[in-house]
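Oh and the sequence shown: position 77 is 76 in numbering that gives the first Met the number 0, straight run, nothing missing.
Every residue, glycine too, gets a C-beta built ideally from N, C-alpha and C.
In what follows, a structure is listed as structure tokens, so that the remarks can point back to it.
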Amino acid sequence: MTNNHSIEQFQLKEKKAVITGATKGIGLAIAECFITLGAEVILVARTQEDLADLIAKHSTDAVTGIAADLSTKPGRDELIRAIKQETDQLDILVNNVGTNIRKSTVDYTDNEFDQIFATNLKSTFELSRGLQPLLKKNGTASIVNISSVAGLNHIRTGSPYGMTKAAINQLTKNLAVEWAADGIRVNAVAPWYINTPLAKQVLQNDDYRKEVLS
0 MTNNHSIEQF QLKEKKAVIT GATKGIGLAI AECFITLGAE VILVARTQED LADLIAKHST
60 DAVTGIAADL STKPGRDELI RAIKQETDQL DILVNNVGTN IRKSTVDYTD NEFDQIFATN
120 LKSTFELSRG LQPLLKKNGT ASIVNISSVA GLNHIRTGSP YGMTKAAINQ LTKNLAVEWA
180 ADGIRVNAVA PWYINTPLAK QVLQNDDYRK EVLS
């Protein structure tokens, strides 16, 4: 039996989406796909220059960007305010932004631990609840949380990263039930190692790669 599904079968025309971490790696791939499918996208990234380059590449009013540092509380709060100023309704939220520092558990500083949790987990939690009123207005909205296999198994990412992804998995389950009556679907995607800027450097280490794959 042949699977004839292709990206052309799906359309996101007249859908408004917010994508965090949208200028690199998985987030960039998601952004490019959504734009191709006709969505109106609000791209979120830390660096204004990266956003400007991506927006200029597509040259359409359907692609806009907001620079925000989601590792900080002011950055997350300001992003939520900016999105609410730009639109009164939202169809899709992709919580993709993430970071990692690979170390032995005993070697993490408090600041490193807090940075990983703030970027990966707090951003997902706070953006989801902060934008929930806009998603609820839609009646058929969707939140997609980018988790990781590291939230299920030990794959040498470091314990804080795995903890954040496991927490995202549980948050996804909770919100899927809690917000079902509001017409908001909540799902998580858990990728394995992907050759993104975040993983590329460690995957180039032959010994590390062999251990991950063993």
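Apart from the 5 residues on each side of it in sequence, T163 sits with its Cβ closer than 7 Å to the Cβ of I115, F116, N119, L120 in its chain, given in chain order. In the structure shown, the three-state DSSP call for E13 is coil. In the three-state reduction of the DSSP assignment, G64 falls in the strand class. In this chain, the beta strand (DSSP E) harbouring V93 covers 91-94. Of G182, P132, D106, the smallest CA-CA separation from S141 is found for G182.
Under the criterion of beta carbons closer than 8 Å, F33 and A16 qualify as touching, at roughly 5 Å. 8 Å or more divides the Cβ of L174 from the Cβ of S122. Taking the Cα of S58 as reference, the smallest distance to any Cα among Q88, T35, L170, L11 is reached at T35.
Pairing V188 with G26, the inter-Cα distance amounts to about 12 Å. The C-alpha of S158 is placed about 12 Å away from the C-alpha of A166.
For L53, there is no enclosing beta strand (DSSP E); the enclosing alpha helix (DSSP H) has its first and last residue at 47-57. Between L53 and A66 a beta carbon distance of about 12 Å is seen, past the 8 Å cut, so the two are scored as non-contacting. Residue nearest to A149 within the set V96, W191, V62, Q84 is W191 (criterion: CA-CA distance).
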